[in-house]
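Remarks on the structure that follows.
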Amino acid sequence: MVNVVVVGAPVGEPRKCDRSKTVGQVLDEVVTDSAGRANSCKFFSLLFLALRNAKPFIPFMGDILTESMKLSDIPKLKDSYTLLVMQRPIVKKEAIRFDNTKFRECRKMLKLNNGRKFFEMLNTSLQDEKYCASIYDRFPALKQDWVADRIFQDYSVCSIFLRPSSECKVFFEKHPVLVEVYYHILTELVQRANSTFEPVVNADSNPFFPFPFGSHTEAASTSQNSNSTRQLITHDMLRQAMAGALANVNPLASASSSSVGSTSNAAYATQLAELESLGFTDVEQNINALEATNGEVAQAIELLIVMRESMQN
Numbered sequence: 001m002v003n004v005v006v007v008g009a010p011v012g013e014p015r016k017c018d019r020s021k022t023v024g025q026v027l028d029e030v031v032t033d034s035a036g037r038a039n040s041c042k043f044f045s046l047l048f049l050a051l052r053n054a055k056p057f058i059p060f061m062g063d064i065l066t067e068s069m070k071l072s073d074i075p076k077l078k079d080s081y082t083l084l085v086m087q088r089p090i091v092k093k094e095a096i097r098f099d100n101t102k103f104r105e106c107r108k109m110l111k112l113n114n115g116r117k118f119f120e121m122l123n124t125s126l127q128d129e130k131y132c133a134s135i136y137d138r139f140p141a142l143k144q145d146w147v148a149d150r151i152f153q154d155y156s157v158c159s160i161f162l163r164p165s166s167e168c169k170v171f172f173e174k175h176p177v178l179v180e181v182y183y184h185i186l187t188e189l190v191q192r193a194n195s196t197f198e199p200v201v202n203a204d205s206n207p208f209f210p211f212p213f214g215s216h217t218e219a220a221s222t223s224q225n226s227n228s229t230r231q232l233i234t235h236d237m238l239r240q241a242m243a244g245a246l247a248n249v250n251p252l253a254s255a256s257s258s259s260v261g262s263t264s265n266a267a268y269a270t271q272l273a274e275l276e277s278l279g280f281t282d283v284e285q286n287i288n289a290l291e292a293t294n295g296e297v298a299q300a301i302e303l304l305i306v307m308r309e310s311m312q313n
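The opening residue of the sequence shown carries number 1 in UniProt numbering; numbering runs sequentially from there.
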């Protein structure tokens, strides 16, 4: 007889199975949930990538036991040994529906509080590990949406909220948990902000976004932007900035560009100080981004974020 334990199942006495049975028979006995028996096993999926869509299985001595194999035929398996059944836990996803009212409130709060101090508070909160941990505890569905989970700590999500409603609404309908999360975050921040400073409706004071949104109507915003809309991040900009960043890694290239770097430091002194105050501390990357965007700080921030993602990938 051998002991059989289902990993992830409630703690209890191990099942006793006769060694004359096959692995498949053992699985049929111990995995009582038919859906779990048929579903794929993602437990230890990093170790068993080939079995990500396989049925629950039993590993032993580094091998995956085939269901047709008898326990008595397994080398080195002796009586009283314990076999582990790997089974994907069944997790019920929390259904979250898109809340149009909260969506509109998020847009309204961001339009009414678009000053630098407010976004500094937002950025500080999003970089606070304890605060973000509390967000995960409050919104467990956030981890079930891998897109929302990856980007919710990036303050550039606010720029998506403030795009024309017809464009951004489609995105948030696909990821409604972001609306819930940001409604909670922004509501807290607005309460804190109102106790320390007055909301500022001034497009020029906002360092993060390329379009003014002080107006409460999209039509007014569109007309206000007609002569001042910045160019979007292009592949050429990214290629130029990335090339500059990689060149700085090369000692020969960095030596030859030292004089150019000092000139750029002087030319972009104000912008560099602004980027550093916002948490972008790599001077060389900041210069590359500013040169690629002709000194546009807001656009340089977007480019730095794209560069960061590209380098991580």
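C-beta: ideal position from N, C-alpha, C; glycine also. Computed from a predicted structure; not experimentally measured.
Asked, Found
"Alpha-carbon to alpha-carbon, Ile-74 and Asp-128", "52 angstroms"
"For Arg-15: DSSP bridge partner residues", "Val-4"
"Beta-carbon spacing of Leu-83, Val-4 below 8 angstroms", "yes"
"Which of helix, strand or coil DSSP assigns to Lys-76", "coil"
"Classification of Ala-269 by the beta-carbon crowding that lies within 10 angstroms, buried from 16 upward", "exposed"
"Reduced DSSP secondary structure (H/G/I, E/B, other) of Lys-21", "coil"
"8 angstroms Cβ cutoff met for Cys-132 and Tyr-182", "no"
"Proximity below 8 angstroms, CB of residue 318 to CB of Asn-286", "Here the chain comprises residues numbered 1 to 313, so residue 318 is not present and cannot be evaluated."
"Coarse secondary structure for Phe-171, derived from DSSP in three states", "helix"
"Whether Thr-22 touches Ser-80 by CB criterion (8 angstroms)", "no"
"Test item: CB-CB of Arg-19 and Val-31 under 8 angstroms", "no"
"Nearest candidate by alpha-carbon position, reference Arg-150, set Tyr-136, Arg-163, Lys-78", "Tyr-136"
"Nearest neighbour of Glu-276, chosen from Gln-144, Glu-291, Val-297 [CA to CA]", "Val-297"
"Boundaries (first-last residue) of the beta strand (DSSP E) holding Leu-189", "Counting along the chain, Leu-189 falls outside any beta strand (DSSP E), though it belongs to the alpha helix (DSSP H) covering 176-194."
"Anticipated Cβ contact below 8 angstroms, Asp-99 with Pro-164, distance rounded", "Not confirmed; about 19 angstroms, so no contact."
"Proximity winner among Lys-143, Val-170, Leu-126, Pro-140, relative to Leu-186 (alpha-carbon distances)", "Leu-126"
"Enclosing alpha helix (DSSP H) for Thr-82 [first to last residue]", "Premise fails: Thr-82 lies in the beta strand (DSSP E), 82-85, not in any alpha helix (DSSP H)."
"Sequence ranges, alpha helix (DSSP H) only - wholly within the stretch 91-178, length at least 4", "100-112, 116-126, 129-138, 146-151, 157-161, 165-174"
"Which of helix, strand or coil DSSP assigns to Asp-28", "helix"
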